[in-house]
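Structure, as structure tokens:
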């Protein structure tokens with residue numbers, strides 16, 4: 001092999017490595033076409049999480065005269081402090097509220113439930129009450145190729161897909177940005193599986209971008225992880241291969257000089 005051909009071979013190998021690296025990088029950044037999203041489109045997303053069966057609600061009623069609101073506030077008997085009693089939403093979407101009896105809350109947002117209870121309380125209270133509804137067991141789970149998989153309690157009851165991934169420490173280098181799945185159980189207990197491509201800005205426009213309680217986010221591993229789950233071994237082999245290639249190249253250059 002002549003010196004000229006050897007140089008051409010080395011340049012070809014280096015060029016191939018550079019091209020592979022560039023192609024891989026194109027799949028890494030999120031939301032690459034951000035300029036395509038308009039303010040009008042962003043404002044079209046639905047707002048408000050709907051209550052579902054098995055949700056635990058805390059409902060507090062207050063007014064300027066605390067004694068009047070007391071019958072509508074149950075306190076947890078197992079707690080030493082005045083912790084509000086939680087209401088379990090049954091399979092039919094109902095709760096049993098003190099004095100008012102059975103109330104259907106399934107499929108309603110927190111604001112809708114608050115307004116519904118206020119209307120019912122007008123029969124018993126002469127002054128306008130303040131009703132506060134919270135979802136006590138609002139949590140989401142993130143699994144797959146993320147740094148810290150697990151279940152996370154969301155205190156403000158509002159979270160989107162990217163925020164959930166951030167809570168889980170973001171995707172690992174083996175996570176497929178164009179194959180992130182959302183598993184959601186609806187009001188009828190039927191499951192939906194939605195696939196997101198984080199490289200595309202249209203992801204933030206999806207009605208599923210804002211997560212709901214009990215959503216599961218799964219990040220699919222890429223082919224490299226599927227073939228070799230041990231990052232230490234695969235990285236070591238790659239480095240060893242490059243080192244051997246460089247050593248052989250230096251030896252041939254020395255011989256052919």
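Residue numbers (full-length UniProt numbering): 1 to 257.
Each residue gets a CB set at the ideal place from its N, CA and C atoms; glycine is no exception.
Computed from a predicted model, the values in this text were never measured in an experiment.
Query raised in the report: Excluding the five sequence neighbours on either side, which residues of its own chain have a C-beta within less than 8 Å of the C-beta of residue 102, listed in chain order?
Result: Here residue 102 corresponds to residue number 102 of the chain shown, with the count starting at 1. Hits under 8 Å: 94, 95 and 96.
Query raised in the report: DSSP puts residue 133 in a beta bridge; with which residues?
Result: Position 133 of the chain shown, counting from 1, holds the residue named residue 133. In DSSP, residue 133 forms a bridge with 59.
Query raised in the report: For residue 171, is the classification buried or exposed, using 16 other Cβ atoms within 10 angstroms of its Cβ as the cut-off for buried?
Result: Your numbering for residue 171 matches position 171 in the chain shown. Buried, since its Cβ has 16 or more Cβ neighbours within 10 Å.
Query raised in the report: Which residues in the same chain have their Cβ closer than 6 Å to the Cβ of residue 138, if we skip the five residues on either side of it in sequence?
Result: Locating residue 138 in the chain shown gives position 138, where the first residue counts as 1. For residue 138, where only same-chain residues beyond five positions count, the Cβ hits under 6 Å are 154, 157 and 213.
Query - Minimum length 4: unbroken alpha helix (DSSP H) runs contained in the UniProt domain "SLBB" (139–219) - result: Taking 4 residues as the minimum length, the alpha helix (DSSP H) runs contained wholly in the UniProt domain "SLBB" (139–219) are 161–167, in order along the chain.
Query raised in the report: Can residue 171 be considered in contact with the ligand MG, in the sense that its beta carbon sits closer than 7 Å to one or more heavy atoms?
Result: The ligand MG is not part of the structure shown, which contains no ligands of any sort.
Requested in this report: Please report how far the alpha carbon of residue 144 lies from the alpha carbon of residue 164, in whole angstroms.
Outcome: By one-based count along the chain shown, residue 144 stands at place 144. By one-based count along the chain shown, residue 164 stands at place 164. Straight-line Cα distance between these residues: approximately 13 Å.
Query raised in the report: Is it a yes or a no for the segment 198–218 touching the segment 126–141, going by three-plus beta-carbon pairs under 8 Å?
Result: yes
Requested in this report: Express the C-alpha separation of residue 61 and residue 150 in angstroms, rounding to a whole number.
Outcome: Residue mapping note: residue 150 aligns to position 150 of the chain shown, counting from 1. Residue mapping note: residue 61 aligns to position 61 of the chain shown, counting from 1. Cα to Cα, residue 150 sits roughly 34 Å from residue 61.
Query - Inter-residue spacing [alpha-carbon to alpha-carbon] between residue 117 and residue 186 - result: By 1-based counting over the chain shown, the position of residue 117 is 117. By 1-based counting over the chain shown, the position of residue 186 is 186. Approximately 24 Å between the Cα atoms of the pair.
Report task. Just confirm the distance between the C-beta atoms of residue 194 and residue 182, as a whole number of angstroms; I'd bet it's less than 8 Å. Result -> Residue mapping note: residue 194 aligns to position 194 of the chain shown, counting from 1. Residue mapping note: residue 182 aligns to position 182 of the chain shown, counting from 1. Between residue 182 and residue 194 the Cβ distance is about 4 Å, and since that is below 8 Å, they are a contact.
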